[in-house]
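**Q** Before I ask anything, here is the structure I am working with.
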Amino acid sequence: MNAKKGQLKKAFNAPRLHVPSVEEIFSYTHPISGAKLIMGHIQKPATAPNGTVYDEPFVVAWVPPGRVNITQFSLYKHASVALKGYTRLRASAQGPGTHSAFTRDFQCAAVYAWETRILDRGSPQLDDEAIENMIWRVSDDFNMAAPAVKVDINNKLKHPSSFYVPSKHRIRMRDRSLSHVLHEVAHAIDMTVNDNEWGAHGPSFVRTLFVLAEKYQGFDAIALEKSARKAGLLVADLDDLKKLKMRLG
1424 MNAKKGQLKK AFNAPRLHVP SVEEIFSYTH PISGAKLIMG HIQKPATAPN
1474 GTVYDEPFVV AWVPPGRVNI TQFSLYKHAS VALKGYTRLR ASAQGPGTHS
1524 AFTRDFQCAA VYAWETRILD RGSPQLDDEA IENMIWRVSD DFNMAAPAVK
1574 VDINNKLKHP SSFYVPSKHR IRMRDRSLSH VLHEVAHAID MTVNDNEWGA
1624 HGPSFVRTLF VLAEKYQGFD AIALEKSARK AGLLVADLDD LKKLKMRLG
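Per this note's numbering, residue 1424 is the first one in the sequence shown, and the count goes up by one each step.
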């Protein structure tokens, strides 16, 4: 067996924790990634990732959004020790780490579907100059270096897709909708102001989008939040995004 197959077999056979079986005692949802930190109790024997078996242990773990089975967790015999582990992770400003399970863009499709129904309706079309001016205006309002922008319209594309390139701080617009321009600027703000290094359309991005839609499109942020939550989107509280809130003035 080669090394790669050995690693795959080890990962496949790793002990798993079924999250719904945990009786939660404390929990905290990270506002940017949407991951949930839990401390809880399991009323049956459980096996730790290192193979140690515990009888009715306490558990501390970061749970990726949408996951019911996880392989990264810590088990403890005593609640007091588990609480120390939970408190230490809760106090860390780094969040759950950037393992692939936490950086998965888990609500991308749902965000796009919601935007199409709500934000894109009646959105005006902008010419090249207006697109650049809007990006500069938003960047200035949020005290952020303006992303470089390239307007690249190809009418032959049935579904043109604009995008933000974080490594180059650059936006490439392939359509002219104001709502789509704000979507890409929201990515720039979310990654540079909120320091989002997790899912691109996570809770902090959605909140940032509300802020821009209210400020530059005239939407009601409370109504947007109600609609988005009804659609099943995770939304960060503005109070938890202190850098963004500070730049709102």
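Cβ atoms here follow ideal geometry from the backbone N, Cα and C, with glycine treated the same way.
On a predicted model such as this, the values are computed, not experimentally measured, just so you know.
Quick one: what's got a C-beta closer than 8 Å to His1603's C-beta in the same chain, skipping five residues either side?
**A** For the purposes of this step, residue 1603 is taken as residue 180 along the sequence shown, with counting starting at 1. Closer than 8 Å at the Cβ level, and outside the excluded window around His1603, lie Asp1543, Ser1546, Ser1585, Met1596.
**Q** Suppose only complete runs of 3+ residues qualify. What are the beta strand (DSSP E) ranges in the stretch 1468–1540, listed by chain order?
**A** If we require 3 residues or more, the beta strand (DSSP E) runs fully inside the stretch 1468–1540 come out as 1481–1486, 1497–1499.
**Q** If you count every other CB in all the chains shown that lies within 10 Å of the CB of Lys1591, and 16 or more means buried, which is it?
**A** Taking the first residue of the sequence shown as position 1, residue 1591 is located at position 168. With fewer than 16 other Cβ atoms within 10 Å, it is exposed.
**Q** Check whether the stretch 1649–1659 and the stretch 1604–1613 are in contact - that is, three or more C-beta pairs closer than 8 Å.
**A** No, the stretch 1649–1659 is not in contact with the stretch 1604–1613.
**Q** Could you have a look at Phe1449 and say whether DSSP puts it in helix, strand or coil?
**A** As a position in the sequence shown, residue 1449 is number 26, starting the count at 1. It is a strand residue.
**Q** With distance defined between alpha-carbon atoms, name the residue in Pro1438, Lys1500, Asn1473, Ser1456 nearest to His1464.
**A** Indexing the sequence shown from 1 puts residue 1464 at position 41. Out of Pro1438, Lys1500, Asn1473, Ser1456, Lys1500 has the C-alpha closest to the C-alpha of His1464.
**Q** In whole angstroms, what is the alpha-carbon distance linking Ile1576 and Asp1598?
**A** Against the sequence shown, residue 1576 aligns to sequence position 153. Against the sequence shown, residue 1598 aligns to sequence position 175. Whole-angstrom Cα-Cα distance: 6 Å.
**Q** I need the straight-line Cα distance from Leu1460 to Ile1645, nearest angstrom please.
**A** Numbered from its first residue, the sequence shown carries residue 1460 at position 37. Numbered from its first residue, the sequence shown carries residue 1645 at position 222. Approximately 27 Å, taken between the alpha carbons.
**Q** In whole angstroms, what is the alpha-carbon distance linking Leu1431 and Val1486?
**A** As a working mapping, residue 1431 is identified with position 8 in the sequence shown. As a working mapping, residue 1486 is identified with position 63 in the sequence shown. Caution is warranted here: a pLDDT of 45 is assigned to Leu1431, below 50, making its placement in the model unreliable, and the coordinate value is therefore given only provisionally. The alpha-carbon atoms of Leu1431 and Val1486 are separated by roughly 22 Å.
**Q** If you follow the alpha helix (DSSP H) that Phe1628 is part of, which residue opens it and which one closes it?
**A** Residue numbering aside, residue 1628 sits at position 205 when the sequence shown is read from its first letter. Looking at the DSSP string, the run of the alpha helix (DSSP H) that includes Phe1628 is 1626–1640.
**Q** What separation, rounded to the nearest whole angstrom, lies between the Cα atoms of Val1445 and Met1462?
**A** Counting from 1 along the sequence shown, the entry for residue 1445 is found at position 22. Counting from 1 along the sequence shown, the entry for residue 1462 is found at position 39. Each residue's Cα considered, the two are about 9 Å apart.
**Q** Buried or exposed: where does Tyr1509 fall if 16 or more other Cβ atoms within 10 Å of its Cβ makes it buried?
**A** Position 86 of the sequence shown, counting from 1, holds the residue named residue 1509. Buried, since its Cβ has 16 or more Cβ neighbours within 10 Å.
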